[in-house]
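Residues -24 to -1, 1 to 301, numbered by mature numbering (1 follows the signal peptide of the UniProt record, and there is no 0), are exactly what the sequence shown covers, in order.
In what follows, a single structure is set out as structure tokens and then discussed.
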Amino acid sequence: MFRMKTQLVFVFMLFLLKHKVTYATMWPTKQYLEKDVYLQGFTLESSKVETIFACYRKCEDNINCASINMNLTNKTCELKYSTKTRHPEKIVSQQNTIYMEIRDALGFSPHKPILSCKWFKNLDNQVKSGVYWMKFNEISSAPFEVFCDMTTDGGGWTLVYSYTFTQYTTFTDGANAVTPIPNWPVDKSSGTWAPQSTTTPLSEPSHSAMDFSLWKKIGNEILLKPNITNWVACVDGTGSLVNFVAGSVTCRIVKVITPTCSTVAPNTLDTTKTCGPAILLNTNNYIYLEGKTDKCRPVHDPCGTASYDNHLTNVANPGGALYVR
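Shown next as structure tokens:
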């Protein structure tokens, strides 16, 4: 029996060699087969099949499948969404098991994009923060790279905006603003503004912003991570940042940064302000993402009193990041 199974594996390897041109065209990464090798975790589905070729074809037909394990003893075929190349630490020895790497792992090439950071986190709770290829579930959508925070507040966050300040050391100066600013629908026909960005940030120090029209396709829960005041996450009420609608929001403190007002969270979103959107506690600015350099000031007040003095000072590389999930 063992000899017959070994012969089947050999025949299958010959099949791959014979068709290497065809499959190299279909799959940008090379395929290889190893015996007595098992990839732990990352299982999309498990089923019984008669041959390794049948297992191989099941992976071929599943766009999320990156590799397979075939147990030749009990004929169990496991489709995997990651690979030995990406997770060599997950490889163990298992007798009479075939491992085959077919495509690159999810998120590591434009040919294998994720649908969102949240979708990927739900698929794999152990996935790490980093840059991944993403594509919206739309025919016209093209894959593009995003940064995923997979640890903060349960993870699954997509970075859409990263900013600094024009005059951090003189915070109350009218020339102080967040920079750059997204292309959100604020009237910029008058006054002087910080530069606008539509370049998706791939790290928090990137200081750029994803095209605002894409934010709502990712989700409607936001996470603000400034390094000069407390981190807050907010879900839509009657207000919605991604839809740029003023109204109520339900927010919570995710991480305490400042020594004061560690439990104070905002409750209102204002998208009608002259200089940019703001999250408020009742009617007072809590975080004001204003981009005008000749008017207004970018309040980051953990107490929600619209004060210019309650944020941290003397912070190296001051700024913030905004995520959506």
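Think of the CB as a built atom: it goes at the ideal place given N, C-alpha and C, for glycine as much as any other residue.
query	result
Any alpha helix (DSSP H) of 4 or more consecutive residues that is wholly inside the stretch 81 to 124	93 to 99
9 Å Cβ cutoff met for Leu245 and Ala222	yes
Residue range of the unbroken beta strand (DSSP E) whose run includes Cys227	223 to 231
For Trp169, the nearest candidate out of Pro158, Thr176, Thr175 (CA to CA)	Pro158
Terminal residues of the alpha helix (DSSP H) in which Ala297 lies	From DSSP, Ala297 is part of no alpha helix (DSSP H) but of the beta strand (DSSP E) over 296 to 300.
Beta-ladder partner(s) of Tyr137, from DSSP	Ala185, Leu298
Residue span of the beta strand (DSSP E) that contains Ala254, given as start and end	254 to 257
Beta carbon of Ile44 nearer than 9 Å to that of Lys88	no
Asn152 burial status per 10 Å Cβ neighbour count (16 or more: buried)	buried
Closest residue to Ile233 among Lys249, Pro202, Gly213 (Cα-Cα distance)	Pro202
Inter-residue Cα distance where the pair is Pro181 and Gln143	17 Å
Inter-residue Cα distance where the pair is Asn293 and Asn98	33 Å
Span separating the alpha-carbon of Gly295 from that of Glu197	20 Å
Whole-number beta carbon distance between Phe220 and Pro161, since they are thought to touch under 8 Å	6 Å
Opposing strand residues paired with Ala292 [DSSP bridges]	Answer by DSSP bridge pairing: none, since Ala292 is not bridged.
Continuous beta strand (DSSP E) stretch holding Tyr14: start and end	8 to 15
Sub-9 Å separation of Tyr299 and Thr128 beta-carbons	yes
Buried/exposed call for Ala118, threshold 16 Cβ in 10 Å	exposed
Counterpart residues of Lys268 in DSSP-defined beta bridges	Trp169
Close-in-space but distant-in-sequence residues of the same chain around Thr174 (CB under 6 Å, 5 per side omitted)	Asn159, Asp187
Contact under 9 Å by Cβ, Cys35 with Ile78	yes
Neighbourhood of Pro253 by C-beta distance below 6 Å, restricted to the same chain and skipping five residues each side	Thr247, Leu265
Cβ neighbour criterion (16 or more within 10 Å) applied to Arg301	buried
Endpoints, the alpha helix (DSSP H) within which Ile194 is located	191 to 194
Three-state secondary structure (DSSP) of Thr(-3)	At Thr(-3), the pLDDT of 36 sits below 50, so the modelled position is not reliable; the number obtained from the coordinates is stated separately. Reduced to three states, the DSSP call for Thr(-3) is helix.
Local Cβ density within 10 Å of Pro64, reported as buried at 16 or more and exposed below that	exposed
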